[in-house]
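Student:
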Amino acid sequence: MRFAKILGALGLATAVLAGGLAATAPTYAKADALERIAKEKVLRVAVPQDFPPFGSVGTDLKPVGYDIDAATLIAKEMGAKVELVPVTSTNRIPYLTTGKVDLVISSLGKNAEREKVIDFSTAYAPFYNGVFGPDDIKAEKPEDLDGKTVGVTRGSVEDIELSKIVSDKVTVRRYEDNNGTISAFLSGQVQLVATGNVVAAAIFERNPPRQPIMKFLIKNSPCFVGLNKNEGPLMEKVNAIIAKAKDDGSLNAIAKKWLHAPLLKDL
């Protein structure tokens, strides 16, 4: 799962949930999923178990996160009870294609290889790399970084992409892991940081004096709900719910709660 090692070991989440609901999830036929959901009033959703803030274990040992709230919202709109099935990055799509779940809401990105196997809804969550920094530093485009110091995790997507767009007038300081990059920003060793919105959310959780406000986007890779092929009615229903949640502010509230930032306007 993307940025799976962001803040170190999260083995507790895996241990608690992996042996729970996922192990006992039944398998159903894939056809006419919406009809079955309407009849049984149960929506089975694969969710992340070790990838905060999208999904992890709360203090009460129950799953919490952006994806859990999104799954709950969709189930409610369908008039169904949500059944959360904790998954990993490697088994989330097999759980869908073998009928163990109806949907995958697990920070799932869309690519051509995956589209051969499953279908995707419209985007429901932001996942992107950008340049972040304190509110008093103005930087709306790469050229505005000239003369400034930017921290980045060595070899990361944002490191590669940042290198393509900045001039030699920018001082780029590279750190060996996300924790090092975060510490450099919080301590003032760098003025700005190029990172993912998930890492920025983790910084916000510390409630620091220097808060990482989004300056500009480097690369966008939003999250989608995964569905089985040939489930047109279910796809239509999910897309309609997502559209409604965007219009009425429900998804924006979830984004602010877990990512500490509003939805991107073009999500």
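Position one of the sequence shown corresponds to residue 1458 (the working numbering), numbered consecutively onward.
Note that beta-carbon positions come from the ideal geometry of N, C-alpha and C, so glycine has one too.
1. Does the distance from the C-beta atom of leucine 1684 to that of isoleucine 1575 stay below 8 Å?
2. Going along the chain, which residues of its own chain have a beta-carbon closer than 7 Å to the beta-carbon of lysine 1598, five neighbours each way excluded?
3. In whole angstroms, what separates the C-alpha of phenylalanine 1589 from that of valine 1650?
4. What are the boundary residues of the alpha helix (DSSP H) that arginine 1631 is part of?
5. Does the Cβ of threonine 1516 have 16 or more other Cβ atoms within 10 Å, making it buried, or fewer, making it exposed?
6. Please go through the stretch 1639-1717 and give each complete beta strand (DSSP E) segment of 3 or more residues, from N-terminal end onward.
7. CA-CA distance, glycine 1706 and lysine 1713?
8. Rounded C-beta distance between arginine 1667 and proline 1591? I'm assuming under 8 Å.
9. Alanine 1704 to glutamine 1646, Cα distance in whole Å?
10. Rounded to whole angstroms, what is the Cα-Cα separation between valine 1502 and proline 1551?
11. Less than 8 Å between the beta carbons of leucine 1500 and alanine 1532, yes or no?
12. Excluding five sequence neighbours on each side, which residues of the same chain lie with their C-beta closer than 8 Å to the C-beta of tryptophan 1715?
13. DSSP beta-bridge partners for aspartate 1576?
14. So what's glycine 1536 in DSSP terms, helix, strand or just coil?
15. Taking C-beta to C-beta, are glutamine 1518 and alanine 1528 nearer than 8 Å?
16. Could you pull the start and end residues of the beta strand (DSSP E) that proline 1505 belongs to?
17. Starting from threonine 1555, follow the alpha helix (DSSP H) in both directions and report where the run begins and ends.
18. Thinking C-beta only, is leucine 1491 closer than 8 Å to proline 1690?
19. Using a 10 Å radius around the Cβ and a threshold of 16 neighbouring Cβ atoms, would you call aspartate 1723 buried or exposed?
20. Using the three-state DSSP reduction, which class does threonine 1481 fall into: helix, strand or coil?
21. Could you compute how far the alpha carbon of isoleucine 1639 sits from the alpha carbon of lysine 1595?
22. Would you call arginine 1663 buried or exposed, if buried means 16 or more other Cβ atoms sit within 10 Å of its Cβ?
23. Quick one: residues in its chain with C-beta nearer than 8 Å to the C-beta of isoleucine 1494, no 5 flanking neighbours on either side, listed in chain order?
Tutor: On the basis of the coordinates in this document:
1. Position 227 of the sequence shown, counting from 1, holds the residue named residue 1684. Position 118 of the sequence shown, counting from 1, holds the residue named residue 1575. In contact: leucine 1684 and isoleucine 1575 (Cβ atoms closer than 8 Å).
2. Taking the sequence shown and counting its residues from 1, one reaches residue 1598 at position 141. Correct list, in chain order: Phe1673.
3. Reading the sequence shown from its first residue, position 132 is the one you call residue 1589. Reading the sequence shown from its first residue, position 193 is the one you call residue 1650. C-alpha separation (whole angstroms): 5 Å.
4. As a working note, residue 1631 is residue 174 in the sequence shown. Careful: arginine 1631 lies outside any alpha helix (DSSP H), inside the beta strand (DSSP E) at 1628-1632.
5. In the sequence shown, the residue the question calls residue 1516 occupies position 59. Exposed, since its Cβ has fewer than 16 Cβ neighbours within 10 Å.
6. 1649-1653, 1670-1677, 1680-1684
7. Counted from its first residue, the sequence shown places residue 1706 at position 249. Counted from its first residue, the sequence shown places residue 1713 at position 256. For glycine 1706 and lysine 1713, the distance between alpha carbons rounds to 10 Å.
8. What you label residue 1667 is simply residue 210 of the sequence shown in a count that begins at 1. What you label residue 1591 is simply residue 134 of the sequence shown in a count that begins at 1. That pair is a contact at about 5 Å.
9. For the purposes of this step, residue 1704 is identified with residue 247 of the sequence shown, where counting begins at 1. For the purposes of this step, residue 1646 is identified with residue 189 of the sequence shown, where counting begins at 1. Note on identity: in this sequence residue 1704 is aspartate, with alanine being the wrong assignment. As the crow flies, the alpha-carbon of aspartate 1704 is around 40 Å from that of glutamine 1646.
10. Your numbering for residue 1502 matches position 45 in the sequence shown. Your numbering for residue 1551 matches position 94 in the sequence shown. Approximately 13 Å between the Cα atoms of the pair.
11. Locating residue 1500 in the sequence shown gives position 43, counting from the first residue. Locating residue 1532 in the sequence shown gives position 75, counting from the first residue. Yes; because the gap between Cβ atoms is below 8 Å, this pair is in contact.
12. Working through the sequence shown from its first residue, we reach residue 1715 at position 258. So the list reads Pro1510, Phe1511, Gly1522, Tyr1523, Asp1526, Ala1658, once near-sequence residues are dropped.
13. Start at 1 with the first residue of the sequence shown, and residue 1576 comes out as number 119. In the DSSP output, where bridge partners are listed per residue, aspartate 1576 has Leu1684.
14. For the purposes of this step, residue 1536 is identified with residue 79 of the sequence shown, where counting begins at 1. Glycine 1536 falls in the coil class under three-state DSSP.
15. Counted from its first residue, the sequence shown places residue 1518 at position 61. Counted from its first residue, the sequence shown places residue 1528 at position 71. Looking at the sequence itself, residue 1518 is leucine, so the reference to glutamine does not match. No.
16. The sequence position of residue 1505 within the sequence shown is 48, counting from 1. Proline 1505 -> beta strand (DSSP E) spans 1499-1505.
17. Sequence index remark: in the sequence shown, residue 1555 carries index 98 (1-based). Threonine 1555 -> no alpha helix (DSSP H), and no H or E assigned at all.
18. Stepping through the sequence shown from its first residue, residue 1690 is reached at position 233. Stepping through the sequence shown from its first residue, residue 1491 is reached at position 34. Yes, these two residues count as a Cβ contact at 8 Å.
19. Numbered from 1 along the sequence shown, position 266 holds the residue referred to as residue 1723. So aspartate 1723 ends up on the exposed side.
20. Residue mapping note: residue 1481 aligns to position 24 of the sequence shown, counting from 1. Low local confidence applies: a pLDDT of 41 at threonine 1481 is under 50, so the model's placement there is unreliable, with the coordinate-based value given in what follows. The answer is helix: DSSP assigns threonine 1481 an H, G or I state.
21. Position 182 of the sequence shown, counted from the start, is the residue given in the question as residue 1639. Position 138 of the sequence shown, counted from the start, is the residue given in the question as residue 1595. Going from the Cα of isoleucine 1639 to the Cα of lysine 1595 covers about 20 Å.
22. For this step, residue 1663 is matched to residue 206 along the sequence shown. Arginine 1663 is exposed by the Cβ-count criterion.
23. Taking the sequence shown and counting its residues from 1, the one referred to as residue 1494 is at position 37. Here the set comprises Leu1500, Met1535, Ala1537, Asp1559, Leu1691.
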